[in-house]
Amino acid sequence: MDAAPFRQRGKRRKQVIRSVNQKGFKHGMRTSPPPAGDPFIVIGHINHDRIWRLNAPLRSGARISWSDRRVRLGGGGYYTARRLMELDHPVCLVSTLKGDHHGRWARDALAGRAYDLSHVGTAEGDTECADILLEPNGERTILSDEKRASRSFDLSAPVEGKAFYVNGARLCDAIIESLQQAPLVLSQFPLGSPTPRPADVMVGSKADFPGETIDQIWGKATDISGPRLRQLALTDGPREITLFDGSERRDVHVGAPVSSHDTIGAGDSFSAALLHALLDGAPLAEAAEWAGEATAQWLRQRDASAGTDWGDEPVLG
Numbered sequence: 021m022d023a024a025p026f027r028q029r030g031k032r033r034k035q036v037i038r039s040v041n042q043k044g045f046k047h048g049m050r051t052s053p054p055p056a057g058d059p060f061i062v063i064g065h066i067n068h069d070r071i072w073r074l075n076a077p078l079r080s081g082a083r084i085s086w087s088d089r090r091v092r093l094g095g096g097g098y099y100t101a102r103r104l105m106e107l108d109h110p111v112c113l114v115s116t117l118k119g120d121h122h123g124r125w126a127r128d129a130l131a132g133r134a135y136d137l138s139h140v141g142t143a144e145g146d147t148e149c150a151d152i153l154l155e156p157n158g159e160r161t162i163l164s165d166e167k168r169a170s171r172s173f174d175l176s177a178p179v180e181g182k183a184f185y186v187n188g189a190r191l192c193d194a195i196i197e198s199l200q201q202a203p204l205v206l207s208q209f210p211l212g213s214p215t216p217r218p219a220d221v222m223v224g225s226k227a228d229f230p231g232e233t234i235d236q237i238w239g240k241a242t243d244i245s246g247p248r249l250r251q252l253a254l255t256d257g258p259r260e261i262t263l264f265d266g267s268e269r270r271d272v273h274v275g276a277p278v279s280s281h282d283t284i285g286a287g288d289s290f291s292a293a294l295l296h297a298l299l300d301g302a303p304l305a306e307a308a309e310w311a312g313e314a315t316a317q318w319l320r321q322r323d324a325s326a327g328t329d330w331g332d333e334p335v336l337g
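According to this note's numbering, the sequence shown is numbered sequentially starting from 21.
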C-alpha cells in the first residue's frame, strides 16, 4: 500500500493547524473595527449569566458554600461572536437585548469593541439572568426561566454574509431566507421543537443525546436541516469529536485534554473556531481537530488571566 497519500494528508493537517494557529490564538480586547469584508452573521442570544462559583461539587441534599458571584455576558451569540472577532473576522450579531440597565450596559460594552449591533433589537421588560452553578472542576449547571428558552429572533429583511452561525430554536422567516441564500451555514443542534432551518454542518453535544445511536442523532439532524445537511459534529467535553455524514463515522482525537475551572462558553468557542478553519480551507476533520485544540488553548488562556474581564458587568454600588 502506498503511504504517500497518508503522509500528504498528515503534512496538510500540520500545515493547516500551524497556519491557523499563527492567527488563531488571540485573546485580546478589540477596540477597533475588524478587517473590512463580508461579515460573519451570528444569530444567537446575548445572555446575562449570574455565575456562582461553588466550593464543592453538587450533591443531592448537600449544603454547599460559594466563593464568588458575578454577572457577565454569555450565550451562544455572545461567545461565538466574541471568538470570531478575536480571530479577526468582522461579525454582525442578530439578537435582542432588553432596554433596562443590564441591556444598555451590554450594548455599550459590545459597541465599544466594534461589534456590529445593527440587527440587535431592543425588547421591553427586564433582563432575566440565567443562574449558572460552577463546580470546582469546571462543570456547570444552568438554571434558566422557561420564558428565556422560548425567546425568538426578529429580522425585518434577509441579510447577507460570508458565513452564518445560528444558535436558537425559533427563527423568523427572514432568517430562514437568509440561511437559504448563505454560502455556508453552521447550526448549533437545537433541542425541543425548533424551527426547521437549512444548514451545511450541525454541531451538538453527545451529552444531549444519552443512549442514542449516531444514526438516530443524524435522523433528528436531517429532520431539522433537510437534504442540505452534509456533516454532523458531536463534541464530548475534552474527549474525541465524532463526525458523521450519514454513512461514515470519524472520531477526531485532539491533544492532551485541558483541565479548566470554568468551561462556560467552550462549546461556542469550538463552533467559532470550526467555522474559522472551514473558511480557511481546511477539510472538516482537520478543522475539527484544530478547533478542539484552539478551544483548549482558549480555556487555558482564560484560566490564566487575572482580574475582571470586559464581559463582567460592573457591580452597582
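Every residue gets a Cβ at the ideal spot worked out from N, C-alpha and C, and that includes glycine.
The model shown is predicted, which means the values in this text are computed figures rather than measured ones.
In the structure shown, Phe264 adopts extended strand secondary structure according to DSSP, grouped into three states. Shown here, Gly158 sits in coil according to DSSP, grouped into three states, outside any helix or strand. The residues Asp69, Arg70, Ile71, Trp72, Gly94, Arg160, Thr161, Ile162, Leu163 and Ile284, in chain order, have a CB closer than 8 Å to that of Ile152 in the same chain once the five nearest residues on each side in sequence are set aside. In this structure Gly96 is buried. Its beta-carbon is surrounded by 16 or more other beta-carbon atoms within 10 angstroms. By the neighbour-count criterion, in which a residue is buried when 16 or more other Cβ atoms sit within 10 angstroms of its Cβ, Asp288 is buried. Between Leu74 and Ala101, the alpha-carbon positions lie close to 28 Å from each other. Close CB contacts of Ser85 within its chain, under the 6 Å cut and outside five residues either way in sequence, are with Asn75 (chain order).
Straight-line measurement puts the Cα of Leu304 at about 10 Å from the Cα of Trp310. Pairwise C-beta distances place the stretch 141 to 148 in contact with the stretch 103 to 119, as three or more of them are shorter than 8 Å.
The beta carbons of Leu199 and Phe184 sit closer together than 7 Å. Sorting Val179, Gly212 and Arg190 by C-alpha distance to the C-alpha of Gln201 places Val179 at the top.
For a cut-off of 8 Å, the C-beta gap from Thr215 to Arg250 is around 20 Å, too long to register as a contact. Close CB contacts of Arg89 within its chain, under the 8 Å cut and outside five residues either way in sequence, are with Arg70, Ile71, Trp72 and Arg73 (chain order). Spanning the alpha carbons of Pro59 and Ala82 requires a straight line of approximately 48 Å. According to DSSP, Asn75 shares a beta bridge with no other residue.
Minimum Cα-Cα distance from Val111 among the listed residues Lys182, Asp165 and Asp120 corresponds to Lys182. In the DSSP assignment, Asp193 falls within the unbroken alpha helix (DSSP H) covering Asp193 to Gln201.
Taking a cut-off of 8 Å for Cβ pairs, the stretch 229 to 244 and the stretch 315 to 325 do not touch, as fewer than three such pairs fall below it. Straight-line measurement puts the Cα of Trp125 at about 39 Å from the Cα of Leu263. The beta carbons of Asn67 and Ala150 sit about 6 Å from each other, so the pair counts as a contact at 8 Å. Residue environment for Arg79: exposed (fewer than 16 other C-beta atoms within 10 angstroms of its C-beta). Taking a 10 Å sphere around the C-beta of Leu211, we find fewer than 16 other C-beta atoms and assign the residue as exposed.
Taking Leu254 as reference, the option from Val221, Ile196 and Ser280 with the minimal CA-CA separation is Val221. The residues Ser280, His281, Asp282 and Thr283, in chain order, have a CB closer than 7 Å to that of Gly158 in the same chain once the five nearest residues on each side in sequence are set aside.
Taking C-beta atoms as the reference points, Glu155 and Pro203 fail to come closer than 7 Å. With fewer than 16 neighbouring CB atoms inside 10 Å of its own CB, His273 falls in the exposed class.
Ala297: member of the alpha helix (DSSP H) spanning Ala286 to Leu299, first to last residue. Nearest neighbour of Leu295 by Cα position, chosen from Phe229, Val205 and Arg217, turns out to be Val205. Partner residues in the beta bridge of Asp88, as assigned by DSSP, are Arg73. Take the alpha-carbon of Pro258 and the one of Gly123: they are about 33 Å apart. Around the beta-carbon of His65, 16 or more other beta-carbon atoms lie within 10 Å, marking it buried.
A residue is called buried once 16 or more other Cβ atoms fall within 10 Å of its Cβ, and Ala227, having fewer, is exposed.
Unbroken alpha helix (DSSP H) stretches of 4 residues or longer found wholly inside the stretch 88 to 138: 96 to 106 and 121 to 131, given in chain order.
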